[in-house]
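Enquirer:
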Amino acid sequence: MTGAPGPGPIRVLIADDQRVVRDGLRMLVALIDDVEVVGTACDGAEAVQLAGEHRPDVVLMDLRMPGTDGIAATADLRQQLPSARVLVLTTYADEDAIVPALQAGAQGYLTKDASAEQIEAAIRAVHAGQTHLDPAVQERLVAAVISRPPTAGPAGPRPGAKPPGGLTAREAEVLTLLAAGLSNIEIGQRLYLSNATVKTHINRIFAKTGARDRAQAVRYAYQHGMATPAP
Numbered sequence: 664m665t666g667a668p669g670p671g672p673i674r675v676l677i678a679d680d681q682r683v684v685r686d687g688l689r690m691l692v693a694l695i696d697d698v699e700v701v702g703t704a705c706d707g708a709e710a711v712q713l714a715g716e717h718r719p720d721v722v723l724m725d726l727r728m729p730g731t732d733g734i735a736a737t738a739d740l741r742q743q744l745p746s747a748r749v750l751v752l753t754t755y756a757d758e759d760a761i762v763p764a765l766q767a768g769a770q771g772y773l774t775k776d777a778s779a780e781q782i783e784a785a786i787r788a789v790h791a792g793q794t795h796l797d798p799a800v801q802e803r804l805v806a807a808v809i810s811r812p813p814t815a816g817p818a819g820p821r822p823g824a825k826p827p828g829g830l831t832a833r834e835a836e837v838l839t840l841l842a843a844g845l846s847n848i849e850i851g852q853r854l855y856l857s858n859a860t861v862k863t864h865i866n867r868i869f870a871k872t873g874a875r876d877r878a879q880a881v882r883y884a885y886q887h888g889m890a891t892p893a894p
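Residue numbers for the sequence shown follow this note's numbering, so the first one is 664 and each next one is one higher.
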């Protein structure tokens, strides 16, 4: 399936272990035009159960919940209901939370200080199949990669390992540097490539990985072990 949004309102399920947060989010999300809240869950297990019953388009997922946490629930949803897009909404913006959530299949990541407008934009973006990361989250991902000690070597597949997704070795190099936060010009300088060649490689990376933008490409790199946070 293409993942393209269908007709009708965007159906949203909210998962958070704090009742006051659930109720507040329910009221906030219900005010958004063309969006319908189909249920609320107090933990990850209930979120997966309700998702199976109500078939939401987007799940607003807290991470730290008792029992089944948001990361485990996201992985379960990816297997059981791949059409549902998970948008993490949590207090935590450290790489120990961000990276596992993206690896589990989350397509968006916001912190709980996000405004109503930011939450609406994120819901619409992930529903449309796009990756939506809070700017602060993107900064943490980039900082985690570029702060890696030089002796640790670049992130990416081990020597001799075949790159994922049909990527060539050069495309894998470009993607690893892109995930590290380098601009096209910086990638070209690092790999001794022209700016036009870098753009061509990035367009091919997007096509092969299904990424629509750089944020989705970064997510793909983390999911496939091509970029890892500093220890």
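Don't be surprised by glycine CBs; every beta carbon is placed ideally from N, CA and C.
Grouping DSSP H, G and I as helix and E and B as strand, with all else coil, what is Ala890?
Expert: The residue labelled residue 890 in the question sits at position 227 within the sequence shown. In the structure shown, Ala890 sits in coil (DSSP, three-state: anything other than H, G, I, E or B).
Enquirer: Using C-beta distances below 7 angstroms, list every residue in its chain close to Ala799, excluding the 5 sequence neighbours before and after it, in chain order.
Expert: Counting from 1 along the sequence shown, the entry for residue 799 is found at position 136. Ala756 and Thr774, listed in sequence order.
Enquirer: Are the stretch 690-703 and the stretch 728-748 touching by the rule of at least three beta carbon pairs closer than 8 angstroms?
Expert: The stretch 690-703, when compared against the stretch 728-748, does not touch it at the 8 angstroms Cβ threshold.
Enquirer: Within the continuous beta strand (DSSP E) that includes Ile673, where are the two ends?
Expert: Here residue 673 is taken as the residue at index 10 of the sequence shown, counted from 1. It spans Ile673 to Ala678 - the beta strand (DSSP E) in which Ile673 sits, taken as one unbroken run.
Enquirer: For the candidate residues Ile695, Phe869, Ser846 and Leu841, whose alpha-carbon lies nearest to that of Glu783?
Expert: Numbered from 1 along the sequence shown, position 120 holds the residue referred to as residue 783. The option with the nearest alpha carbon to Glu783 is Ile695.
Enquirer: So, with DSSP's three-state summary, where would you put Gly771?
Expert: Taking the first residue of the sequence shown as 1, we reach residue 771 at position 108. Reduced to three states, the DSSP call for Gly771 is strand.
Enquirer: Are Pro745 and Leu676 closer than 8 angstroms when you measure CB to CB?
Expert: Taking the sequence shown and counting its residues from 1, the one referred to as residue 745 is at position 82. Taking the sequence shown and counting its residues from 1, the one referred to as residue 676 is at position 13. Going by C-beta atoms, Pro745 is not nearer than 8 angstroms to Leu676.
Enquirer: Do Gly768 and Gln743 count as a contact pair if the criterion is CB distance below 8 angstroms?
Expert: Along the sequence shown, one-based indexing puts residue 743 at 80. Along the sequence shown, one-based indexing puts residue 768 at 105. In this structure, Gly768 does not lie closer than 8 angstroms to Gln743 by Cβ.
Enquirer: My understanding is that Val861 touches Gly873, with C-beta atoms under 8 angstroms, so please give their C-beta distance in whole angstroms.
Expert: Looking up residue 861 in the sequence shown gives position 198. Looking up residue 873 in the sequence shown gives position 210. Contact flag wrong, Cβ pair sits at about 20 angstroms.
Enquirer: Looking at Arg877 and Leu841, is the spacing between their C-beta atoms short of 8 angstroms?
Expert: Numbered from its first residue, the sequence shown carries residue 841 at position 178. Numbered from its first residue, the sequence shown carries residue 877 at position 214. In contact: Leu841 and Arg877 (Cβ atoms closer than 8 angstroms).
Enquirer: Using only alpha-carbon positions, find the residue among Ala788, His790, Asp776 and Thr794 that is nearest to Glu764.
Expert: As a first step, residue 764 is located in the sequence shown; it is residue number 101 there, counting from the start. It should be noted that the sequence gives Ala, not Glu, for residue 764. Nearest C-alpha to Ala764: Thr794.
Enquirer: Quick one: complete alpha helix (DSSP H) runs, 4+ long, within the stretch 856-890?
Expert: Correct list: 858-872 and 877-886.
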